[in-house]
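Notes to accompany the following structure.
Residue numbers (our numbering), protein chains in the order written: chain A, 237 to 359; chain B, 237 to 359.
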């Protein structure tokens, strides 16, 4: 038997984000933003790690989800952010929650330009 | 000016992995496997988090890299694993290191079937 997982991996690559906003360089602020977005999307966090880099001071962070993960990387020196939301759809269709989570994460950055990709995994 | 980051995101979705092997359900073993693969690929870990789920007991884990991140999810009940390796190429071309890291991660699982995707990000 070939299993079908129909995982959905959404990415957003943002440009034109205001470099001085707290989410670009403050790991604690970015962590709160991510965890709030996860909860509001109806997904479940099971772990997380955030790391702030020395000047120019981007942040890298991940929230592990019961449904897979989200990841965020910021480059304040470029006004750039990349976002990943990956959900498995094994026990429920989490596609709408994934899209809502990505939209909520994006909304925090006020990007001028956005590029999206969508990969179906384990199809 | 439009910046070009040329980030490279590689994914591998594995099927037909032996469910009883330690990497499928032992978070500590999977963590060691990932950190060794990162070091061997010449990339730099700056943080990590691994989470083991209750029975049937998959593991979710992430290693934050100075160059972005890797993520792994296992489903022993399906003999399935998904892998992500994402590197930015801002200060150096890390594409070959990313491919080497993904190959090393994959090699641990002995999958019967593999499906790959490659996304260029911030191009």
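Every residue, glycine too, gets a C-beta built ideally from N, C-alpha and C. Keep in mind it's a predicted model, so treat the numbers as computed, not measured.
Looking from the CA of residue 244 of chain B, the closest CA among B/339, B/320, B/289 belongs to B/320.
A direct Cα-Cα distance of roughly 24 Å separates residue 280 of chain B from residue 265 of chain A. Residues of chain A whose Cβ lies closer than 9 Å to the Cβ of residue 304 of chain B are, in chain order, 296, 307, 309, 318. By the neighbour-count criterion, in which a residue is buried when 16 or more other Cβ atoms sit within 10 angstroms of its Cβ, residue 275 of chain B is exposed. Around residue 351 of chain B, the same chain offers 249 as residues with beta carbons nearer than 6 Å, after the five sequence neighbours per side are excluded. One thing to note: residue 246 of chain A has its Cβ no nearer than 8 Å to the Cβ of residue 340 of chain A. For residue 269 of chain B, the uninterrupted alpha helix (DSSP H) segment begins and ends at 263-276. Residues of chain A whose Cβ lies closer than 7 Å to the Cβ of residue 357 of chain B are, in chain order, 247, 249, 318. Between residue 345 of chain B and residue 259 of chain B, the C-beta spacing is below 8 Å. No Cβ of chain A is located within less than 8 Å of the beta carbon of residue 268 of chain B.
Residues are counted here when their Cβ sits less than 9 Å from a Cβ of chain B; for the segment 269-295 of chain A these are 282, 283, 284, 285, 286, 287, 289, given in chain order. Under DSSP, residue 352 of chain B takes part in a beta bridge, and its partners are B/248. Residue 326 of chain B carries a coil assignment under DSSP once its states are collapsed to helix, strand and coil. Chain order gives no chain A residues near residue 260 of chain B, where near means a beta carbon separation below 9 Å; the closest approach is about 14 Å. Taking a Cβ-Cβ threshold of 7 Å, the residues of chain B close to residue 353 of chain A are 355, in chain order. Bridge pairing for residue 284 of chain B: B/299 [DSSP]. Taking 8 Å as the cut-off, the beta carbon of residue 353 of chain B is found no closer than this to the beta carbon of residue 295 of chain A. The bridge partners DSSP lists for residue 293 of chain A come to none. When B/273, B/303, B/299, B/282 are compared, the shortest CA-CA separation from residue 331 of chain B is found for B/303. Counting C-beta atoms within 10 angstroms of its own C-beta, residue 327 of chain B has fewer than 16 neighbours from the protein chains shown and is therefore classed as exposed. If you ignore the 5 residues before and after residue 348 of chain A, its C-beta comes within less than 6 Å of the C-beta of 252, all in its own chain and listed in chain order. Taking the Cβ atoms as the reference, residue 297 of chain A lies roughly 11 Å from residue 289 of chain A, outside the contact range of under 8 Å.
Residue 242 of chain A sits close to residue 325 of chain A, with the two beta carbons spaced by under 8 Å. Between residue 293 of chain B and the set B/357, B/255, B/336, B/343, the nearest pair of CA atoms involves B/255. Residue-level contact by beta carbon holds for residue 243 of chain B and chain A, with a gap shorter than 8 Å.
Residue 243 of chain A is bridged by DSSP to A/357.
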